[in-house]
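Each residue of the sequence shown is one higher than the last, beginning at 16 in my numbering.
Even glycine gets a Cβ: it sits at the ideal position worked out from N, Cα and C.
What you are looking at is a predicted structure, and each value in this text was computed from that prediction instead of being measured.
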Amino acid sequence: MLEKVLAGFAASSPLEVLALVLGVTYSLLAVRRNRYCWIAGAGSSLLLAWLAASRQLPMQALLQIYYVLMSAYGFWHWSRQAGTEPIKIGYWPLRWHLGSAVILAVLAWLTATYLAAETDAAWPRLDSAVTWFSLYATLLVARARIENWLYWIVTDTVLVFLYASQGLYFAALLFFLYIVIACFGLVTWTRQYRREAAVA
Numbered sequence: 016m017l018e019k020v021l022a023g024f025a026a027s028s029p030l031e032v033l034a035l036v037l038g039v040t041y042s043l044l045a046v047r048r049n050r051y052c053w054i055a056g057a058g059s060s061l062l063l064a065w066l067a068a069s070r071q072l073p074m075q076a077l078l079q080i081y082y083v084l085m086s087a088y089g090f091w092h093w094s095r096q097a098g099t100e101p102i103k104i105g106y107w108p109l110r111w112h113l114g115s116a117v118i119l120a121v122l123a124w125l126t127a128t129y130l131a132a133e134t135d136a137a138w139p140r141l142d143s144a145v146t147w148f149s150l151y152a153t154l155l156v157a158r159a160r161i162e163n164w165l166y167w168i169v170t171d172t173v174l175v176f177l178y179a180s181q182g183l184y185f186a187a188l189l190f191f192l193y194i195v196i197a198c199f200g201l202v203t204w205t206r207q208y209r210r211e212a213a214v215a
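1) Near TRP164, which residues of its chain fall below 8 Å by C-beta distance, leaving aside the five closest residues on each side in sequence?
2) Taking just the CA atoms, how far does LEU155 sit from LEU35?
3) Quick check on the DSSP output: the alpha helix (DSSP H) that includes GLY58 runs from which residue to which?
4) Under 8 Å by Cβ, that's how I've got ALA216 and LEU66 pegged, so tell me the actual separation to the nearest angstrom.
5) Can you grab the Cα-Cα spacing for the pair ARG160 / TYR166, in whole Å?
6) I need the DSSP call for ARG160, collapsed to helix, strand or coil.
7) Classify GLN79 as buried or exposed, calling it buried when 16 or more other Cβ atoms lie within 10 Å of its own Cβ.
8) Quick one: what does DSSP say GLY105 is sitting in, helix, strand or coil?
9) Sort LEU44, ALA57, TYR51, ALA213 by Cα distance to LEU14 and report the nearest one.
10) Could you pull the start and end residues of the alpha helix (DSSP H) that LEU37 belongs to?
11) Under a Cβ-count criterion, where at least 16 other Cβ atoms within 10 Å of its own Cβ denotes burial, should GLY105 be classed as buried or exposed?
12) Can you give the Cα-Cα distance for PRO101 and LEU141, rounded to whole angstroms?
13) Only counting the same chain, and skipping five residues up and downstream in sequence, which positions put a Cβ closer than 8 Å to that of THR146?
14) Is the beta carbon of SER59 sitting closer than 8 Å to the one on GLY89?
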């Protein structure tokens with residue numbers, strides 16, 4: 016198994032490595048609430064879209080295109096708040112997340128059913144579920160909601176498996192690093208929120 020993984024890393028394309036570098040840059044800048052994270056994120060997403068499409072992960076390819084579009088929105092939204100003050104972070108109510116989870120689960124089931132019947136998708140159920148929940152998590156990041164990090168911890172854990180199963184080991188490593196950064200982001204944003212709430 017280890018030999019297969021090492022061979023996969025050795026066979027990885029420079030584009031996959033660049034996607035990793037840009038993706039880590041995006042996450043680290045997002046933790047710091049730096050609006051330029053969205054530029055790095057868009058670059059990483061374009062590369063990952065091509066890689067996913069080439070490995071029969073159609074929903075992941077579409078998801079990466081969505082990320083590019085959300086990067087433009089995120090940059091615009093965060094730029095409106097840019098200045099001397101950091102981007103304002105906060106939470107959405109639990110009922111919002113519960114309602115969203117039901118809708119996302121239904122959409123994931125419908126998409127997975129179609130992919131399983133009509134395409135040669137490698138992992139239709141996992142691909143669909145992680146795609147829909149990642150769409151929602153991206154919206155949470157763009158709106159600077161703290162709970163986005165929880166969604167990323169879960170979805171990125173699934174994505175490590177999904178990309179590794181298709182031989183995209185640098186992409187799998189990227190999603191593993193995203194898990195670590197998401198844990199750090201959750202702690203950092205929670206502390207910053209409490210500190211800013213105490214001052215307000």
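In brief:
1) ALA197, CYS198, GLY200, LEU201, TRP204
2) 22 Å
3) 52-69
4) This structure leaves residue 216 out entirely; the chain is present only between 16 and 215.
5) Taking the straight line from one Cα to the other gives about 11 Å.
6) strand
7) Around the C-beta of GLN79, 16 or more other C-beta atoms lie within 10 Å, and the residue is accordingly described as buried.
8) Judged by DSSP in its simplified three-state form, GLY105 adopts strand.
9) Only positions 16 to 215 of the chain appear in the structure, and residue 14 is not among them; the question remains open.
10) 29-46
11) exposed
12) 36 Å
13) MET74, GLN75, LEU77, LEU78, ALA123, THR126
14) no
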